[in-house]
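If you read the protein sequences in the order shown, they are chains A and B. Each residue of the first sequence is one higher than the one before, starting from 1 at the first, in full-length UniProt numbering. Each residue of the second sequence is one higher than the one before, starting from 1 at the first, in full-length UniProt numbering. Glycine included, each C-beta is placed from N, C-alpha and C at the ideal position. Read through the structure below, which is laid out as structure tokens, and then see the notes.
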Amino acid sequence: MKAVTWRGVNEIGVEDVPEPTILNDHDIILEVGLSATCGSDLHLVGGYIPAMRAGDVLGHEFMGTVAEVGRGVTKHQVGDRVVVVSFTSCGQCWYCKQGLWSLCDNGNPNPGITEALWGQSIGGCYGYSHAMGGWAGSHAPYIRVPYADQGAFAIPDGVSDERALFASDAAPTGWTGAHQAEVRPGDVVAVWGAGGVGQMAARAAMLMGAERVVVIDRYDNRLQQVRTHVGAETLDYEEVDVPAELREMTGGRGPDVCIEAVGMEAHSPGPQYLYDQVKQQMRLQTDRPTAVREAIYACRKGGTVFTLGVFAGLVDKFPLGAVMNKALTLRGAQQHGHRYIPEILDRMSRDEVRTEHLATHVMPLDDGPKGYRMFKEKEDGCVRAVFRPGG
Amino acid sequence: MTTSIGNVASLAARAGGSVVRQVRSAIDPSAARPAGAGQPASGWLVVTVLREPSDVDTAQLPVPLAEFGDRIEVRVRPAAGGKGTELAARLRDRPSSGPAPSRLSGSDPQADLRSALRQAKQLIEVGEVLAVDPAPHGKRTATPGGALLEAWTRVAPKAGVR
């Protein structure tokens with residue numbers, strides 16, 4: 001079968017790969033309907049997470065139709081239309097039982113890599129390097145889904161494929177940020193990044209009762225999507241002084257909750273961007289934390305900063321003094337999607353969460369290199385390139 | 001990939017793990033302790049399984065641990081805070097601390113025991129040991145970086161137990 005693969009740094013290919021087979025009793029084989037590119041893929045594509053091997057199949061945000069079920073699967077049957085959470089989590093360990101699904105003890109078959117990097121391993125993720133398990137990704141006609149009773153969710157009738165697709169990763173990641181940051185009714189919430197995850201974090205914060213939600217980015221079309229489809233306010237960081245605007249908007253206090261949805265390749269208009277870029281390219285730091293720094297300085301005293309964008313290693317010039325002296329709560333997480341997806345699908349069916357606008361460019365697998373180029377360079381207003389393996 | 005490249009890469013991967021620990025030790029001195037690969041002096045390796053202690057029978061160990069027979073000793077005790085049961089094992093005949101030649105050659109009983117503990121935890125909690133290979137992939141290009149990563153991936157399943 002054809003698949004979109006990582007061939008090397010900034011090199012995407014389309015090549016023949018074997019079809020997956022059931023290896024564990026709790027597996028299903030899914031016929032992929034739609035599979036999205038994600039901002040976090042760009043860290044892999046650019047070589048910032050050096051745990052990819054040439055030939056690895058990309059893709060971790062997907063939905064489709066069940067094609068085959070293992071003998072231990074009880075919730076799904078051949079023909080079911082499902083969306084699959086990006087993380088492979090067993091549902092049985094202490095972390096899964098606490099709702100901290102991305103921290104699953106059992107879902108990463110290569111725990112030694114992240115254990116060396118971070119002290120402990122976390123769960124696995126499809127198409128996201130050998131550090132996250134070496135799972136084949138979803139930019140292919142078929143994908144194997146382990147722990148399928150835990151990770152695959154039936155899509156309600158009336159929810160389109162294009163909407164349900166983003167219940168796989170963007171929406172539950174946004175929900176993870178807003179919920180784990182403990183957004184409360186009346187809060188002012190600022191979100192850095194107006195990509196799919198940032199938009200969904202903003203929407204989640206609004207549905208959790210935030211009084212005012214502000215999303216920060218520099219791309220007009222994305223900020224327009226925020227205003228139109230999410231209903232939040234926006235700031236263009238190339239046009240205004242973001243911390244000053246946030247202070248003015250909050251009576252001088254700063255936002256109660258600051259959610260960073262940018263990750264390790266952040267941009268900024270100031271000299272610190274050049275500094276971070278040079279240090280990252282010289283491998284003197286692995287990640288550029290520009291947006292995190294700004295969030296920490298902008299956050300109100302005693303507030304919460306949540307790192308929702310993907311970081312891999314070490315950062316420089318981290319304002320720990322501000323964290324300590326302002327009594328901030330600093331949290332982060334990959335998505336604990338298993339606990340949020342049922343609610344998200346329900347809200348999607350009631351039109352409270354709309355996501356199809358994120359899929360700005362839908363194309364066949366053969367256009368994999370083009371899709372990633374458009375997505376990376378934001379060509380033609382690309383917010384997400386989405387592959388339809390069926391053509 | 002040729003065998004010689006693979007062997008070199010295997011050694012490099014193990015050295016790479018040491019480099020990562022050295023980098024971490026600059027940040028976190030506790031990561032730089034001299035015991036072999038961060039192992040406790042007692043030799044006990046331990047996982048916590050989400051089961052009551054009465055459900056973890058040391059006389060009926062899961063196969064990966066049972067296969068060690070008399071070469072290991074095993075203990076269980078309740079985990080703090082209702083987190084389940086701590087299942088610990090250690091080799092009766094343990095290698096001395098430090099990077100032994102056997103580790104560099106790929107024969108590492110401690111790593112095998114880590115892997116067995118992790119598999120035992122999966123069998124007790126989930127009922128199956130999660131398999132990832134064969135995973136579909138395209139053409140593997142023989143590069144030093146790829147060989148290094150392949151070697152690291154080969155030893156990576158033998159961790160996950162501190």
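Query: Can you tell which of 132(A), 198(A), 166(A) has its C-alpha closest to the C-alpha of residue 56(A)?; Result: 132(A)
Query: With distances taken Cα to Cα, identify the nearest neighbour of residue 40(B) among 85(B), 110(B), 149(B), 72(B).; Result: 110(B)
Query: Alpha carbon to alpha carbon, what distance is there between residue 165(A) and residue 390(A)?; Result: 15 Å
Query: Tell me whether residue 232(A) sits in a helix, a strand or coil according to DSSP, three-state version.; Result: coil
Query: Of the residues 90(B), 50(B), 123(B), which one's Cα is nearest the Cα of residue 79(B)?; Result: 50(B)
Query: Under a three-way DSSP split, which group does residue 88(B) fall into?; Result: strand
Query: Are the C-beta of residue 144(B) and some C-beta of chain A separated by less than 8 Å?; Result: no
Query: With residue 290(A) and residue 267(A) assumed to form a contact (beta carbons below 8 Å), what rounded beta-carbon distance in angstroms separates them?; Result: 7 Å
Query: With residue 63(A) as the anchor, note down where its alpha helix (DSSP H) starts and where it stops.; Result: Per DSSP, residue 63(A) belongs to no alpha helix (DSSP H); it is in the beta strand (DSSP E), 61–69.
Query: At a CB-CB cut-off below 7 Å, which residues of chain A make contact with residue 149(B)?; Result: 51, 53, 130
Query: Report yes if the CB atom of residue 269(A) is closer than 8 Å to the CB atom of residue 237(A), and no otherwise.; Result: yes
Query: Hey, residue 70(A) and residue 25(A) are a contact pair by Cβ (cut 8 Å); roughly how many whole angstroms apart?; Result: 5 Å
Query: Keeping to the same chain, check which residues put their C-beta closer than 7 Å to that of residue 155(A); ignore five residues upstream and five downstream.; Result: 63, 81, 82, 83, 164, 345
Query: Indicate, with yes or no, if the ligand FMN has a heavy atom lying under 7 Å from the CB of residue 233(A).; Result: The ligand FMN is absent from the structure shown, which contains no ligands of any kind.
Query: Based on the DSSP secondary-structure assignment, which residues constitute the bridge partners of residue 73(B)?; Result: 90(B)
Query: Looking only at C-alpha atoms, which of 85(A), 128(A), 225(A) sits nearest to residue 48(A)?; Result: 128(A)
Query: Using the three-state DSSP reduction, which class does residue 90(A) fall into: helix, strand or coil?; Result: coil
Query: Can you tell me the Cβ-Cβ gap for residue 192(A) and residue 240(A), rounded? I've got them flagged as a contact below 8 Å.; Result: No, residue 192(A) and residue 240(A) are not in contact; Cβ-Cβ is about 14 Å, not under 8 Å.
Query: Who are residue 142(A)'s beta bridge partners in DSSP?; Result: 31(A)
Query: Which ranges would you report for the alpha helix (DSSP H) in the segment 108–166 of chain A if only whole runs of at least 4 residues count?; Result: 111–118, 148–151, 161–164
Query: Can you name the residues of chain B whose CB is closer than 8 Å to the CB of residue 133(A)?; Result: 132
Query: Go through its chain and collect everything with a Cβ distance to residue 216(A)'s Cβ below 6 Å, but skip five positions before and after it.; Result: 192, 235, 237, 242
Query: Look up residue 81(B) in the DSSP assignment and say whether it is helix, strand or coil.; Result: helix
Query: Relative to the C-alpha of residue 380(A), which candidate in 323(A), 305(A), 222(A) has its C-alpha closest?; Result: 222(A)
Query: Using a Cβ-Cβ cut-off of less than 8 Å, list which residues of the segment 22–39 of chain A approach chain B; keep chain order.; Result: 23, 24, 25, 26
Query: Only counting the same chain, and skipping five residues up and downstream in sequence, which positions put a Cβ closer than 6 Å to that of residue 159(A)?; Result: 348, 349
Query: Could you pull out every residue in the same chain whose Cβ sits closer than 6 Å to the Cβ of residue 306(A), ignoring the five residues on either side in sequence?; Result: 177, 181, 259, 331
Query: Return the Cβ separation of residue 167(A) and residue 22(A) in integer angstroms, given the expectation that the two are a contact with Cβ distance under 8 Å.; Result: Contact doesn't hold; Cβ gap of about 24 Å is too wide.
Query: So with CB distances below 7 Å, who are the chain B contacts of residue 13(A)?; Result: 138
Query: Where does the unbroken beta strand (DSSP E) through residue 12(A) begin, and where does it stop?; Result: 11–16
Query: Return the Cβ separation of residue 137(A) and residue 147(A) in integer angstroms, given the expectation that the two are a contact with Cβ distance under 8 Å.; Result: With a Cβ gap of about 17 Å, residue 137(A) and residue 147(A) do not count as contacting.
Query: What did DSSP end up calling residue 249(A) once you bin it into helix, strand or coil?; Result: helix
Query: Say whether chain A places a C-beta atom closer than 8 Å to the C-beta of residue 135(B).; Result: yes
Query: Rank 149(A), 93(A), 58(A) by C-alpha distance to the C-alpha of residue 136(B) and give the top, closest one.; Result: 58(A)
Query: Should the segment 118–127 of chain B be regarded as contacting the segment 63–83 of chain B, the criterion being three or more beta carbon pairs within less than 8 Å?; Result: yes
Query: In chain B, which residues lie less than 7 Å from residue 392(A) when you measure between Cβ atoms?; Result: Outside the modelled stretch of chain A, which goes from 1 to 391, sits residue 392(A), for which no answer is possible.
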